[in-house]
Amino acid sequence: MQSIERFASLGNQPINLNEKTDWSLTIKIPLQLLNTDTSAPITTLYGNFYKCGDETTKPHYVSWSKIETQQPDFHQPDFFGMLEF
4 MQSIERFASL
14 GNQPINLNEK
24 TDWSLTIKIP
34 LQLLNTDTSA
44 PITTLYGNFY
54 KCGDETTKPH
64 YVSWSKIETQ
74 QPDFHQPDFF
84 GMLEF
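Mapping of the sequence shown onto the working numbering: residues 4 to 88, in sequence order.
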């Protein structure tokens, strides 16, 4: 997992904001970590990206692809979004 590169617009240190703000995150994931056949071109994958703020003063959860379950549950393939390359 150390080969995953992260570039956060608010930096890489924990912060505690109490107001609304915009932020962005860019990640670079080597295809080898996804257990895909890298000898063939990859055009589509399915997955989700999420942020868990359960250890903050105001617990919160957010995901890129909407998850419609009673409790936060990010491991539901029915709610994965399509990633096109």
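Think of the CB as a built atom: it goes at the ideal place given N, C-alpha and C, for glycine as much as any other residue.
| Check | Outcome |
| --- | --- |
| Taking residue 8 and residue 31 to be in contact with their CB atoms under 8 Å, please state how far apart those CB atoms are, rounded to whole angstroms. | 4 Å |
| Under a three-way DSSP split, which group does residue 52 fall into? | coil |
| Relative to the C-alpha of residue 48, which residue among 4, 60 and 86 is closest? | 86 |
| Based on DSSP bridge pairs, tell me the residues matched to residue 84. | 50 |
| Looking only at C-alpha atoms, which of 59, 39 and 79 sits nearest to residue 21? | 59 |
| Out of 76, 5, 72 and 82, which one is the CA nearest neighbour of residue 36? | 5 |
| Which partner residues does residue 31 have in the DSSP bridge list? | 8 |
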